[in-house]
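Enquirer: Pasting a structure here, questions to come.
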Amino acid sequence: MGQPVRVHRTAEVDPTAVVGEGTSVWNHAQVRKCAHIGRHCVLAHGVYVDVGVRIGDRVKLENNVSVFLGAQIEDGAFVGPHTCLLNDRLPRSTTADGGLKREEDWEVSGVVIEQGASVGGGCTLLPGVRIGRHALVGAGAVVTRDVPAHGLVVGNPARLVGRVCECGARLDGDGTCTGCGRAHALTEEPHSNGSHGDPARAARARA
């Protein structure tokens, strides 16, 4: 038999949501309708998972993380406390004619966090950005564009300052991990979707 799902008595999990075996949903967390949470995940105090969000296996969401509509978080990812995954490029409460916006009045631009990536505490991920495999986003960063696989970004706006290994330690100039010694083949274009490696896309992002 698989490990049981643990849901704290103060947590709210919609009956239509799927929560995988061995996953823990802690106090005051909320998982909304049709969300899919994988196996052996941890949703800490106050985590919010919006409608239809998909989260893979072995994912950790720390205290008060907000994961909004359209987001996808792949296997083995980590999101630090008080981080927010946004989804609306043009946020307004009302339409141009003054009416309250409804679901059909705006376009969802969900964030994607790829396998094994880590996002530090207190970060803001702007709508539509993609965090590449095993990338690391430093605490407090504001991510305005895609982060390449194994990329290390810090600051506001987040900027690429190095590369990291699967273990999280930095890579030296030839791609060797300073922690575990694993060798990595570094390419000039490490992530085909990432504007950090694409000058033309970077220029469009600044425009």
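Residue 3 is where the sequence shown starts when you use our numbering, and the numbers rise one by one after that. The beta-carbon is built from N, C-alpha and C at its ideal position, and this holds for glycine as well. Note that the coordinates shown come from a computational prediction; the quantities given were computed from them, not determined experimentally.
1. Thinking C-alpha only, which one of ASP90, GLN32, LEU92 is nearest ASN65?
2. Throw me the rounded Cβ distance for the THR280 and ARG11 pair, which I believe falls under 8 Å.
3. In this structure, how does DSSP classify GLU106 when only helix, strand and coil are distinguished?
4. Tell me where the beta strand (DSSP E) around GLY153 begins and ends.
5. In this structure, does DSSP put HIS84 in helix, strand or coil?
6. If you compare alpha carbons, which of VAL51, PHE80, LEU188 is closest to GLY123?
7. Please report the Cβ distance between LEU188 and ARG165, rounded to the nearest whole angstrom; I am assuming they are in contact, meaning their Cβ atoms lie under 8 Å.
8. Consult DSSP for LEU128 and reduce its assignment to one of helix, strand or coil.
9. Does the region 53–60 touch the region 94–104, meaning 3 or more C-beta pairs lie closer than 8 Å?
10. Output the boundary residues of the beta strand (DSSP E) element that contains GLY122.
11. What does the Cβ neighbour count give for ALA13, buried or exposed, with the cut at 16 atoms within 10 Å?
12. Name the DSSP beta bridge partners of ALA185, please?
13. Alpha carbon to alpha carbon, what distance is there between ALA46 and VAL131?
14. Is LEU138 helix, strand or coil by DSSP?
15. Go ahead and label ALA185 buried or exposed: buried means 16 or more other beta carbons lie within 10 angstroms of its beta carbon, across all protein chains shown.
16. Under a three-way DSSP split, which group does LYS35 fall into?
17. Among THR180, VAL156, ASN158, which residue has its Cα nearest to the Cα of CYS167?
Expert: Here's the rundown:
1. Counting from 1 along the sequence shown, the entry for residue 65 is found at position 63. Taking only the C-alpha atoms, the option nearest ASN65 is GLN32.
2. Nothing in the structure corresponds to residue 280, since the chain is present only between 3 and 209.
3. The count along the sequence shown starts at 1 and reaches residue 106 at position 104. In the structure shown, GLU106 sits in a helix (DSSP, three-state: H, G or I).
4. The residue given as residue 153 occupies position 151 in the sequence shown. From DSSP, the beta strand (DSSP E) with GLY153 extends over 153–156.
5. As a position in the sequence shown, residue 84 is number 82, starting the count at 1. Here HIS84 carries a coil assignment [DSSP, helix/strand/coil].
6. Position 121 of the sequence shown, counted from the start, is the residue given in the question as residue 123. Taking each of VAL51, PHE80, LEU188 in turn and checking the Cα distance to GLY123, the smallest one comes out for PHE80.
7. The residue labelled residue 188 in the question sits at position 186 within the sequence shown. The residue labelled residue 165 in the question sits at position 163 within the sequence shown. Separation of the CB atoms of LEU188 and ARG165 is rounded to 7 Å, and the pair is thereby assigned contact status at 8 Å.
8. As a first step, residue 128 is located in the sequence shown; it is residue number 126 there, counting from the start. Here LEU128 sits in coil by DSSP.
9. The region 94–104 is not in contact with the region 53–60.
10. For the purposes of this step, residue 122 is taken as the residue at position 120 of the sequence shown. Segment: none, GLY122 is in no beta strand (DSSP E) and carries neither H nor E.
11. As a first step, residue 13 must be located in the sequence shown, where it is residue number 11. Flag for ALA13 reads buried.
12. Residue numbering aside, residue 185 sits at position 183 when the sequence shown is read from its first letter. Under DSSP, ALA185 shares a beta bridge with THR178.
13. Stepping through the sequence shown from its first residue, residue 131 is reached at position 129. Stepping through the sequence shown from its first residue, residue 46 is reached at position 44. Approximately 24 Å, taken between the alpha carbons.
14. Within the sequence shown, residue 138 is the residue found at index 136, counting from 1. Three-state DSSP puts LEU138 in a strand.
15. Within the sequence shown, the letter at position 183 stands for residue 185. Burial call: exposed.
16. Working through the sequence shown from its first residue, we reach residue 35 at position 33. For LYS35, the secondary structure class from DSSP, reduced to helix, strand or coil, is coil.
17. Taking the sequence shown and counting its residues from 1, the one referred to as residue 167 is at position 165. Nearest C-alpha to CYS167 among THR180, VAL156, ASN158: THR180.
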